[in-house]
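The numbering of the sequence shown is full-length UniProt numbering, which starts it at 1 and goes up by one.
Note that beta-carbon positions come from the ideal geometry of N, C-alpha and C, so glycine has one too.
Given the structure is predicted, the values throughout are model-derived calculations rather than measurements.
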Amino acid sequence: MFQAKLPNTPASGHDSGCSPAVSVVQRSKSFSMKPAVRELCSSCQKTVYPMERLVADKLIFHNSCFCCKHCSAKLSLGTYAALHGEFYCKPHFQQLFKSKGNYDEGFGRRPHKDLWTHKETEESGDKAP
């Protein structure tokens, strides 16, 4: 891969490879001097190296930073559930959201059933004589 070019110097009674001549290193054409793109962890905002990289829902994490929002347990790609960009372990996801029947209620958002009741009251108000 690397080749050292030694200048042509006359041999002085000993091996010319041992001479203190300066060598020029030529890099192969496949070697790039461009820096690699720095990927940042979505949780801690520090650099993520390829060996510790984990991608979940198009977000990059360190293995150790991929944790449940509720209990901080370490998650893996097979043991997480995501909702609105937050990651939970499966037991806490069921405990926090599925028991309510509507995912939006767990986040303090306006439940969908309020939209339905709002439409029903408008319709009944239009039909009244």
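Asked	Found
Contact between the stretch 65–74 and the stretch 37–44 (3+ Cβ pairs under 8 Å)	yes
Residues that DSSP places opposite HIS92 in a beta bridge	Answer is none; HIS92 lacks a bridge partner.
Spatial neighbours of residue 130 in its chain, beta-carbon cut-off 7 Å, leaving aside the 5 residues before and after	Outside the shown range of the chain, which is 1 to 129, sits residue 130, and nothing can be said about it.
Pick from ASP57, ASP114, THR117 and LYS46 that is closest to HIS84, judged by C-alpha positions	ASP57
Where GLU52 falls: helix, strand or coil (DSSP)	helix
Between the CA atoms of LYS90 and PHE61 - distance to the nearest angstrom	19 Å
HIS62: first and last residue of the uninterrupted beta strand (DSSP E) it sits in	59–62
Neighbourhood of ALA81 by C-beta distance below 6 Å, restricted to the same chain and skipping five residues each side	TYR88, LYS90 and PHE93
Three-way DSSP call (helix, strand, coil) for THR47 in this model	strand
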